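Protein sequence lines correspond, in order, to chains A and B. Here the numbering used here is used: position 284 in the first sequence is 284, and no number is missing along the way. Here the numbering used here is used: position 292 in the second sequence is 292, and no number is missing along the way. Before any comments, here is the structure.
2 protein chains.
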Amino acid sequence: MNYRFAERVKSLNPSAIREILKYAADPEVVSLSAGNPAPEAFPTNDIAAIASRILTERPVDALQYGTTEGYEPLRARLASYMKEKHNIGRGFDNILITSGAQQTMELAAKVLCNHGDAVVCEAPSFIGSLNSFRSLGVSLIGVPMQSDGIDLAELESALKSHSNIKFIYTIPNFQNPSGITMSMDKRRKLYALAKRYNVVIVEDNPYGDLRFDGTDVPAVKSLDEDGLVIYAGSFSKVLAPGLRVGFAIAPADLLQKMIVCKQVEDVHTAMLPQIICDEFMKTCDYENHLNNLRSIYSKKARLMLSLIEQHLVPHGVTYDNIQGGLFVWCRLPKTIDMPSFCKRAVIEQKVAVVPGNAFLVDQDLPCQNFRLNFSTPSDDAMHKGIERLGKLLKTMDY
Amino acid sequence: MNYRFAERVKSLNPSAIREILKYAADPEVVSLSAGNPAPEAFPTNDIAAIASRILTERPVDALQYGTTEGYEPLRARLASYMKEKHNIGRGFDNILITSGAQQTMELAAKVLCNHGDAVVCEAPSFIGSLNSFRSLGVSLIGVPMQSDGIDLAELESALKSHSNIKFIYTIPNFQNPSGITMSMDKRRKLYALAKRYNVVIVEDNPYGDLRFDGTDVPAVKSLDEDGLVIYAGSFSKVLAPGLRVGFAIAPADLLQKMIVCKQVEDVHTAMLPQIICDEFMKTCDYENHLNNLRSIYSKKARLMLSLIEQHLVPHGVTYDNIQGGLFVWCRLPKTIDMPSFCKRAVIEQKVAVVPGNAFLVDQDLPCQNFRLNFSTPSDDAMHKGIERLGKLLKTMDY
């Protein structure tokens, strides 16, 4: 049969990251391409005990249909936690449990953007979100990143020249892939610009709790007195991504439309994972758990940076320093062709990294970057992987 | 802030069913409005044992990211089960694990329908699916149901007069809400029509395993030699809806686009629920479990029908006989106003039923039907609920 596809999906292709993950599934390949939490970061014993308690003491809660808004105790707990700890949430806000933060991006675009409307995103930015917007026929306007966050002059010029921009998509902390954290000053100015041009901000904060250096910067959502910001939180990086539990905090009028759209996408987020998240926050020492994660990732990041210094920097690779998150954003010297480096890395050296252009709005633009992940590989794999990349660079040196 | 919503969601409102479910949450209200499995139908001990085994023996499988396509052993098991038991799946087909069957409907519409394209659905039909199509700006063409399924003459006339129909949505077994099962003859003719007019069929089969009377009718998908049919299966009614695990079997070319769209909606379905479904099929006696469900629902259906005979039929209510599923579709006599009956039922008598117009494409059309569910209420609640409806009808009789 000759399928007549919708316009919105004609140009959609599987994300380059997930395609590379398929190579990475080869046990011989050292994967520095994923964004998976370290397996040792999962509180497996606690989760096993919690799941067992739920399924023996009140199985029907976990097995029966729930409401689209989410498991009520988890909604209440997150609302007060986010208010107390991050000053997020005002009287006009409401909270929705989502099937991972990815769903918040898709729902935001679905309720705000007509086919042909535009979204401003940081360039580079998280490919999953960009594809989510693309899947709804949204056009993307990439605004370059600076060392303290999005370029505000370029942002304002985009807002001035396009009347169909519906929201600005930002990852303010340890941005994926650049690792950059937006300064407080820029967060205030970003908020003011959004207000002036009547556009929503979608603030995606999966890595905010994974700071191992420097001082926390308040969320853009903590400034929101006007109902401008949709905040996307997630348990994927701080508890377990396989649970697929995230949450959106947004003005109730806006969230109501997202709830209706979620209802017709997956009815509600799976109950057992929601109750596990709630019980984990309630009965385990959540702050201690976060400290433990920070200590795991801090060690891994330091090892990765020292290996980069040792094996890649001598061949002209540069990188941005990081204070948290899961990634290091590296740049090849001009003499080396980035796409062939990434391809040869996985084929010849069996090391998977993500080519930087995957994160651009226009993937055909020249790009010298590649992204390294330090959360997933073991220390041994990091050693092997970076050494092999160094070896490859040696053969590509002039 | 003045939110500029997308056209597709401007007219979307929460489903009438879920609004009534809110009343039904009042513990005083007898709910005959849900579509929840009977709590005693959950194999809670088996699920608790399986979850405990997974989380102690291989927790990382359940907690780490998975692939968008789904948990590989479950995909393989379902593919061979559906082929052997139902002759579903050809060489050109592939399988995707979804976050409930609802996601299959949304993904089908997303990949096939532009804003303004049309979908043919049975009238009445499942409100969740209709709203899913509406949420993507799809226009709905309702084709009336007959006692053996959709009216084929009306269907062909719709296919002839609209060139923008992308698929036909059907629930062939124990349709929600009408309870009707499409005859084999109609299934063959439906397939032939879809082929002639080059439209896809989306076959939604959540209740197929819940037949307690009569003989199984093969799925439309079992006829599919041309790659016309997207089959939507689900564990919601046969295992547990809170797990949110369903699956789509569809031609690989078509499914590939659905996979890309799912990737940007929720990355993948939660792992622990997927592995629970797989282990349940693998280690428990699945056919025996299905027999047990059929016996539970058969008893509940018989009780419901006898109560209807006793308390509602004397006041002029008629209903269609059923051979499976979870619902009875009742009709009020012409002298009684259906919307006020449903409203007075929940407010005065504290019994929630679903007004029939909720299942129509045009909810403003006159409708004398209401839907009763017999899977969720206890026997005691069914007695109370139907008696109270009888009492209400008495006050509304001329």
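Glycine is no exception: its CB is placed at the ideal position from the N, C-alpha and C atoms. Because the structure is a prediction, the values reported are computed rather than measured.
Secondary structure of B:Ser139 (DSSP, three-state): strand. Interface with chain A (8 Å Cβ-Cβ cutoff): B:Tyr65 is included. Residue ranges of uninterrupted beta strand (DSSP E) with 3 or more members, entirely inside the segment 217-277 of chain A and ordered along the chain, are 229-234 and 246-251.
When the beta-carbon positions are compared, B:Val119 and B:Leu140 come within less than 8 Å of each other. With respect to the 8 Å criterion, B:Val346 and B:Cys330 are not classified as neighbours on the basis of their beta carbons. The three-state reading of DSSP puts B:Tyr191 in helix, counting H, G and I together. Per the coordinates, the alpha-carbon of A:Ile88 lies some 31 Å from the alpha-carbon of A:Leu372. Taking C-alpha positions only, B:Tyr169 is separated from B:Asp204 by approximately 8 Å. Here B:Gln310 is exposed. Its C-beta has fewer than 16 other C-beta atoms within 10 Å. Nearest CB-CB separation between B:Gln102 and chain A: below the 8 Å threshold.
Within chain A, no C-beta atom comes nearer than 8 Å to that of B:Lys391; the closest sits roughly 29 Å away. Bridge partners of A:Asp397 according to DSSP: none are assigned.
For A:Glu156, the enclosing alpha helix (DSSP H) covers residues Leu152 to Ser161. When the beta-carbon positions are compared, B:Leu63 and A:Ile47 come within less than 8 Å of each other. DSSP places B:Val120 inside the beta strand (DSSP E), whose first and last residues are Ala118 to Ala123. DSSP, reduced to helix, strand and coil, places A:Gln146 within a strand of the structure shown. If you ignore the 5 residues before and after B:Ser222, its C-beta comes within less than 8 Å of the C-beta of His86, Asn87 and Ile88, all in its own chain and listed in chain order. Apart from sequence neighbours up to five positions away, the residues of its chain that approach B:Tyr191 with a beta-carbon distance below 8 Å are Ile201, Val220, Leu223, Asp224, Leu228 and Val229, ordered along the chain. An exposed status is given to A:Leu365, since fewer than 16 other beta-carbon atoms sit within 10 Å of its beta-carbon. The Cβ of A:Tyr3 sits closer than 8 Å to at least one Cβ of chain B.
Within chain B, Thr44, Ile47, Ala48, Ala51 and Ser52 have C-beta atoms less than 8 Å from the C-beta of A:Leu55, given in sequence order.
Around A:Lys186, the same chain offers Asp148, Gly149, Ile150 and Leu152 as residues with beta carbons nearer than 8 Å, after the five sequence neighbours per side are excluded. Within a 10 Å sphere around the beta-carbon of A:Asn321 sit fewer than 16 other beta-carbons, which makes this residue exposed. Annotated as distal: A:Cys121 and A:Lys166, with beta-carbon spacing of 8 Å or more. Under the three-state reduction of DSSP, A:Asp209 is assigned to coil, being neither helix nor strand. Taking A:Val143 as the centre and dropping the five residues before and after it, the same chain places the C-beta of Val120, Cys121, Glu122, Ala123, Ile150, Asp151, Glu154, Leu155 and Ala158 closer than 8 Å to its C-beta, in chain order. Of the residues A:Asp379, A:Met396 and A:Met145, the one whose Cα lies closest to the Cα of A:Leu32 is A:Asp379. With a contact defined as Cβ atoms closer than 8 Å, B:Ser80 and A:Val264 miss out at about 31 Å.
Distances from the CA of B:Asp337 to each of B:Gln368, B:Ser234, B:Cys261 and B:Ala41 were compared; the closest alpha carbon is that of B:Gln368. If the five residues before and after B:Met271 are omitted, its C-beta is found closer than 6 Å to the C-beta atoms of Ala62 and Gly66, all from its own chain and listed in chain order. For A:Tyr169, the uninterrupted beta strand (DSSP E) segment begins and ends at Ile165 to Thr170. Uninterrupted beta strand (DSSP E) stretches at least 3 residues long and entirely within the segment 309-360 of chain A occur at 327-331, given in chain order. Contact with chain A is found for B:Lys110, since one of that chain's Cβ atoms lies less than 8 Å from the residue's Cβ.
Per the C-alpha coordinates, the member of A:Thr335, A:Gly356 and A:Thr376 positioned closest to A:Thr395 is A:Thr335. Contact holds between the segment 241-260 of chain A and the segment 90-108 of chain A, because three or more Cβ pairs, one in each stretch, are under 8 Å apart. Comparing alpha-carbon positions, the option among A:Glu57, A:Asn45, A:Thr56 and A:Pro59 lying closest to B:Leu55 turns out to be A:Asn45.
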